[in-house]
Amino acid sequence: MKRLPAQIGITCFSVLAIAFFARETLIFVIGGVGSVGAVVSFIIPKARKTIWIPAVALTVLLSSAVSICYNHLYVQPIRNTYSGSHTVQAVLCDEPYRNYRRSYYLLRTQKIDGIEKEINIIMTLPKALEVEPDDTLRFTSQLIPVENDYYRSKGYLLMTEEYSPIVETEMANRHSLYYHIIGIRRAMRSALDSLLPADTAKLTRTIFLGDKYALDNDTRDRFRYAGASYFIVISGMHFSVICMLIMRLLKKIKILRRWVSLIVMLFIILLYMAVTGFQPSVLRSGIMMIMLVIGNTFRRITYPLNHLGVAGIILPVIMSPYGAGDPGLILSFYATLSILLWAEPLADKLSFHDESENNPRLSFSSLRFMHGQKLSLRFILKLLWNNVAGILSVTLAVNILVVPITICLFHKLSLITLLSAVILYPFIYLILVLALLTCILWCVPFLRWLAIWLSWLLYYPAEFVLWSVGILSSVPYAFIPIHAPFILISFIMNAVVMIAVLLLRRRYKLFPIAVLSSAAIFLSGFLIHSAIELHTLSVTSFETDNGMSVALNSRGHLHLLSMDCDIKDFYAIMNDLSDRYGSVETALCLNRSAYERYLSYSDQEFAIHRYLLYDIEDESADTMMISDGIDCILDDDVTLSVSKVDQQPVMLLQTPHQRVLLLPAKATLSDIPNAWREADCIISGSQTPLDTDHIKYTCEDGGFTLDLR
Numbered sequence: 005m006k007r008l009p010a011q012i013g014i015t016c017f018s019v020l021a022i023a024f025f026a027r028e029t030l031i032f033v034i035g036g037v038g039s040v041g042a043v044v045s046f047i048i049p050k051a052r053k054t055i056w057i058p059a060v061a062l063t064v065l066l067s068s069a070v071s072i073c074y075n076h077l078y079v080q081p082i083r084n085t086y087s088g089s090h091t092v093q094a095v096l097c098d099e100p101y102r103n104y105r106r107s108y109y110l111l112r113t114q115k116i117d118g119i120e121k122e123i124n125i126i127m128t129l130p131k132a133l134e135v136e137p138d139d140t141l142r143f144t145s146q147l148i149p150v151e152n153d154y155y156r157s158k159g160y161l162l163m164t165e166e167y168s169p170i171v172e173t174e175m176a177n178r179h180s181l182y183y184h185i186i187g188i189r190r191a192m193r194s195a196l197d198s199l200l201p202a203d204t205a206k207l208t209r210t211i212f213l214g215d216k217y218a219l220d221n222d223t224r225d226r227f228r229y230a231g232a233s234y235f236i237v238i239s240g241m242h243f244s245v246i247c248m249l250i251m252r253l254l255k256k257i258k259i260l261r262r263w264v265s266l267i268v269m270l271f272i273i274l275l276y277m278a279v280t281g282f283q284p285s286v287l288r289s290g291i292m293m294i295m296l297v298i299g300n301t302f303r304r305i306t307y308p309l310n311h312l313g314v315a316g317i318i319l320p321v322i323m324s325p326y327g328a329g330d331p332g333l334i335l336s337f338y339a340t341l342s343i344l345l346w347a348e349p350l351a352d353k354l355s356f357h358d359e360s361e362n363n364p365r366l367s368f369s370s371l372r373f374m375h376g377q378k379l380s381l382r383f384i385l386k387l388l389w390n391n392v393a394g395i396l397s398v399t400l401a402v403n404i405l406v407v408p409i410t411i412c413l414f415h416k417l418s419l420i421t422l423l424s425a426v427i428l429y430p431f432i433y434l435i436l437v438l439a440l441l442t443c444i445l446w447c448v449p450f451l452r453w454l455a456i457w458l459s460w461l462l463y464y465p466a467e468f469v470l471w472s473v474g475i476l477s478s479v480p481y482a483f484i485p486i487h488a489p490f491i492l493i494s495f496i497m498n499a500v501v502m503i504a505v506l507l508l509r510r511r512y513k514l515f516p517i518a519v520l521s522s523a524a525i526f527l528s529g530f531l532i533h534s535a536i537e538l539h540t541l542s543v544t545s546f547e548t549d550n551g552m553s554v555a556l557n558s559r560g561h562l563h564l565l566s567m568d569c570d571i572k573d574f575y576a577i578m579n580d581l582s583d584r585y586g587s588v589e590t591a592l593c594l595n596r597s598a599y600e601r602y603l604s605y606s607d608q609e610f611a612i613h614r615y616l617l618y619d620i621e622d623e624s625a626d627t628m629m630i631s632d633g634i635d636c637i638l639d640d641d642v643t644l645s646v647s648k649v650d651q652q653p654v655m656l657l658q659t660p661h662q663r664v665l666l667l668p669a670k671a672t673l674s675d676i677p678n679a680w681r682e683a684d685c686i687i688s689g690s691q692t693p694l695d696t697d698h699i700k701y702t703c704e705d706g707g708f709t710l711d712l713r
């Protein structure tokens, strides 16, 4: 009974998160298992007495039903009804942000085609509009269903991506409370920008205020490669540091009554949640912190696992059932669960203990502990190690659940996460504390000199973090993309090892062996997979409504040769390729529209290192031109040639063993140059007429992969 809210809440959140990513058939299966479990648990007397078994089974059933009903009764009708060209009147809900070469506007519709209807939609434009939150926008545009999981989980079901729609704007007569909170965020941002150099100010804003697009893409990539992305995404860790600091400061003020402290803490918690944009991971931490503060005020024993369970129930209600699919929230939720379950036992095992079985830590309170203690090098080393052990125990506990989830969600993994956490966490903590104090003092005119002094202290940890991330991200094989078959094999073998250990006696002593065995299985699988990739040369082709899209895998390097498709197909193809390769070495742009599409999507999918421009002029450093009759070397001995036939670009790919002709939908073989007709094989769409003795491959049923070795 003590942990019943935790069991129900964690089950509810887990089922909704699985339902967000899984196919509907699996959701029905999960709901069926829950219904069978509920019936059986009520029939069997022992199960009925435990209470939590029927409660969890009913939770599985109800969560599955909620997900199915929400999808069929709300999401699908909106997507089916409003997909297409519509006239929209909408209100800007938050600050616009710019990423790569597009501006993003989060809107809440008021009217669609003159009929009142409230839907969350996203509008992206190549140029920025002079608008503020709460302003009204009117435009006519093509609305398409949102396929991006990040935006779907936040409740945005439709989007528009036209390049130059006519948008009428109207300033708001009255502003909401959230608009004034945005003003507080801007004031804090302005304070940090005025006190710090540009690079450190952007990092501090990202860590403290959640301005994730303040950092340039190269810096964000370095954090990702170093396994430290969670430091620059506002999460429960950041929120907890801020709230615990304020709680300790309030406790030092003896004259404040408990009720006053409670009101102050609740106000600060809600304010920080709003300033950071009510991000899902912050909402989760905020709900838990509110319950902790209320429990302490009433002097009740609090159970953090119950707090997490209650948050797992409340969050899908506040956001939507799709809210459980937010990647940041999923990682934050299960990271917190891991910490609550395993961090303390791991810290106890890793730390040194003194004769009284205390676990000394290096902190201000340790000065009292050191009173009467003989100060020696050994004792100081113990203190230092125990603090490192504390960080290691939290990081190890987090990775127990977060690593498998990260692999399943992103198909990527950092091998130096532990090292990054130990090095960076103390400085991230310091940046959060100093940024908070700096912003508070800057708002008081006669205390601004203290803010300036603190900004000098803030500069050095921020610079150290940027420098350390640059070094860590350059470590070979620090960050690796992982393919689905390799993941499945590793998970199955690791599960077998863990089950075997649990079934044996003295399993706790064998646990380290199991962990090392699992790591060895994963590492050997990765090495074998990498060795295979180094000798792979293949073409993957996808058929789309507009024609054909082709990608070349040359020894683990991805080259996009053609993306002749509409927006929906383009996103699906990019998403599939990003799971397998992570980044693009070369992207061939056959027209201006393709070039702009690559630029707008590369931030959401993966980095594109070089653009090949055919008949397009651009002065960017990462672009180069390709013309008729000029061979372009893609990778080692793989070359690409492009020629225009009846205004349609035709591509010839030359490998050491084969010559492959890529024939677009509107081209015919008779128009192709004679030398190109002698290609070893031809890849074309299924609708392309082709009468030839050469080997022909068509990309039917979603595509195929051709081995060119």
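Here the sequence shown is numbered in the working numbering, starting from 5 and rising by one per residue. All C-beta atoms in this analysis are idealised placements derived from N, C-alpha and C, irrespective of residue type, glycine included. What you are looking at is a predicted structure, and each value in this text was computed from that prediction instead of being measured.
Whole-Å CB distance - residue i paired with residue j, under 8 angstroms assumed
i: glutamine 714; j: glycine 332; result: Nothing can be reported for residue 714, as the shown portion of the chain is limited to 5 through 713.
i: alanine 466; j: threonine 204; result: 4 angstroms
i: threonine 91; j: leucine 133; result: Not quite, the Cβ-Cβ distance comes to about 17 angstroms (not below 8 angstroms), so this is no contact.
i: arginine 7; j: tyrosine 307; result: 7 angstroms
i: leucine 429; j: phenylalanine 24; result: Before going further, note that residue 429 is tyrosine rather than leucine in the sequence given. Actually they do not touch by this definition, with Cβ atoms about 30 angstroms apart.
i: glutamine 93; j: threonine 113; result: 7 angstroms
i: isoleucine 343; j: valine 402; result: 6 angstroms
i: methionine 655; j: leucine 666; result: 4 angstroms
i: threonine 643; j: arginine 614; result: Threonine 643 to arginine 614, Cβ: 15 angstroms. No contact.
i: threonine 208; j: alanine 439; result: 5 angstroms
i: alanine 61; j: serine 45; result: 5 angstroms
First and last residue of the uninterrupted alpha helix (DSSP H) at residue i
i: phenylalanine 143; result: Phenylalanine 143 -> not in any alpha helix (DSSP H); beta strand (DSSP E) instead, spanning 140-149.
i: leucine 238; result: For the record, residue 238 in the displayed sequence is isoleucine; it is not leucine. It is not in any alpha helix (DSSP H) - isoleucine 238 carries neither H nor E in the DSSP assignment.
i: isoleucine 322; result: 308-322
i: asparagine 84; result: 80-86
i: histidine 184; result: 181-199
i: asparagine 678; result: 678-681
i: aspartate 639; result: Not the alpha helix (DSSP H): aspartate 639 falls in the beta strand (DSSP E), residues 636-639.
i: isoleucine 432; result: 421-446
i: serine 157; result: 153-157
Residue-level contact to chain B via CB, residue i, 7 angstroms cutoff
i: leucine 594; result: Among the chains of the structure shown, chain B does not appear; only one protein chain is present.
Nonlocal neighbours in the same chain, by C-beta distance under 6 angstroms from residue i, ignoring five residues either side
i: glycine 159; result: Asn124 and Ser324
i: leucine 413; result: Pro331
i: isoleucine 14; result: Gly313 and Gly316
i: threonine 85; result: none
i: serine 285; result: Ser239, Gly240, Gly332, Leu333 and Ser336
i: isoleucine 272; result: Ile250
Residue i in three-state terms, based on DSSP
i: phenylalanine 302; result: coil
i: asparagine 557; result: strand
i: proline 465; result: helix
i: serine 369; result: Confidence in serine 369 is poor, its pLDDT being 41 and thus under 50, which makes the residue's placement unreliable; the coordinate value appears in the next sentence. Note: serine 369 maps to coil in three-state DSSP.
i: tyrosine 217; result: coil
i: lysine 256; result: helix
i: aspartate 619; result: coil
i: isoleucine 392; result: The residue asked about is misnamed: residue 392 is valine in this sequence, not isoleucine. Helix.
i: arginine 178; result: coil
i: valine 135; result: coil
i: threonine 590; result: strand
i: glutamate 172; result: strand
i: cysteine 685; result: strand
i: leucine 274; result: helix
i: isoleucine 291; result: helix
i: valine 543; result: strand
i: phenylalanine 243; result: helix
i: aspartate 222; result: helix
Cutoff 8 angstroms; reference residue i; Cβ partners in own chain excluding five residues on either side
i: isoleucine 456; result: Leu199
i: tyrosine 101; result: Ser107, Tyr108 and Tyr217
7 angstroms CB neighbourhood of residue i in its chain, flanking five on each side removed
i: alanine 351; result: Ala393, Gly394 and Ser397
i: aspartate 98; result: Leu110, Pro137 and Gly281
i: alanine 21; result: Ala328, Gly329 and Ile334
Boundaries of the beta strand (DSSP E) in which residue i is found, first to last residue
i: arginine 663; result: 663-667
i: proline 653; result: 652-658
i: arginine 112; result: 106-116
What ranges does the alpha helix (DSSP H) occupy inside the segment 325-359, keeping only unbroken runs of at least 4 residues that lie completely in it?
331-342 and 348-354
For the segment 19-95, list the alpha helix (DSSP H) runs that are entirely contained and at least 4 residues long, ordered along the chain.
28-47, 49-54, 56-74 and 80-86
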